[in-house]
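Undergrad: Its first residue numbered 1, the sequence shown is counted upward by one per residue in full-length UniProt numbering.
So that we are looking at the same thing, I have put the structure below in structure tokens.
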Amino acid sequence: MAQLPERTVPDLTGYLTHAGHVLETQLSAALAEIGLTLRMQCVLRHALEAERTQIQIAELSYMDKTTMVVTVDALEKAGYAERRPSATDRRARIIAVTDAGAEIAAAGQQIVDRVHADALEALASPQRKTFVDAVTTLVEGPLATPVTAQPVRRSRQRAG
């Protein structure tokens, strides 16, 4: 019987993936209480930070174009955002947050902060800053940019 290879370092991918998934489910459930999805909150936040196009916000939010369109449609239907022509590029359309959208985004941010604070409460007080600093160092350093995998080129097999 084949043996399982021995790990030489902790399964960082497994830990971070699991923690991220659980946090997302907790955030989604909490934001649903005010009628927002995690994606809606993310779009509102990025749109409030600066004048941005749908494409720019989609990139910042790790969303594909279709998901972004559906999310902005939902925000428009709820009266939280609208598509407007860009002041700097007439061909581009930006996502403008309405007053109601800014209010719900603020409420959403309070929820996000609460969920994150609850997660950090599991750590002893001195560990919290160390943990956040360490994760920030990874995210701003070696884990800042995804690697685009190149397809493997296989040589043609000859019929024969």
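Heads up, the beta-carbon is just placed ideally off N, CA and C, and yes, glycines get one too.
From a predicted model like this one, the values you see are computed outputs, not experimental measurements.
Using a Cβ-Cβ cut-off of 7 Å (strictly less than) and excluding sequence neighbours within five positions of Arg-128, which residues of its own chain qualify?
TA: Position 128 of the sequence shown holds residue 128. Closer than 7 Å at the Cβ level, and outside the excluded window around Arg-128, lie Leu-120.
Undergrad: Please look up how many angstroms separate the CB atoms of Gln-26 and Val-115, rounded, as I've assumed it's under 8 Å.
TA: On the sequence shown, residue 26 is found 26 positions in, with the first residue counted as 1. On the sequence shown, residue 115 is found 115 positions in, with the first residue counted as 1. Yes, Gln-26 and Val-115 are in contact; Cβ-Cβ is about 5 Å, under 8 Å.
Undergrad: Would a check of beta-carbon distances place Thr-67 closer than 8 Å to chain C?
TA: No chain C appears in this structure, which consists of one protein chain only.
Undergrad: Could you check the C-alpha separation between Asp-89 and Ile-57 for me, to the nearest Å?
TA: Counting from one through the sequence shown, the residue named residue 89 turns up at place 89. Counting from one through the sequence shown, the residue named residue 57 turns up at place 57. Near 16 Å, if we compare the C-alpha coordinates of Ile-57 and Asp-89.
Undergrad: By Cβ distance, which residues of its chain are closer than 8 Å to Glu-76, with the 5 residues on each side in sequence left out?
TA: Mapped onto the sequence shown, residue 76 falls at position 76. Within the same chain, Glu-76 has close Cβ partners Glu-82 and Arg-83.
Undergrad: Taking the runs of the beta strand (DSSP E) that are 3 residues or longer, which of them lie wholly in the region 66-96?
TA: Here the runs fully enclosed are 81-85.
Undergrad: Specify, as a first and last residue, the run of the alpha helix (DSSP H) that Leu-120 falls within.
TA: The residue you call residue 120 lines up with position 120 of the sequence shown. Note, Leu-120: alpha helix (DSSP H), 99-120.
Undergrad: Since Leu-60 and Val-97 should fall inside the 8 Å C-beta cutoff, what is the C-beta to C-beta distance between them, to a whole number of angstroms?
TA: If you number the sequence shown from 1, residue 60 lands on position 60. If you number the sequence shown from 1, residue 97 lands on position 97. Their Cβ separation, rounded to whole angstroms, is 15 Å, which puts Leu-60 and Val-97 out of contact at 8 Å.
Undergrad: Give the DSSP-derived three-state secondary structure of Thr-53 in the structure shown.
TA: As a first step, residue 53 is located in the sequence shown; it is residue number 53 there, counting from the start. Of the three classes helix, strand and coil, the one that applies to Thr-53 here is strand, per DSSP.
Undergrad: Look up Leu-16 in the DSSP assignment and say whether it is helix, strand or coil.
TA: Looking up residue 16 in the sequence shown gives position 16. Three-state DSSP puts Leu-16 in a helix.
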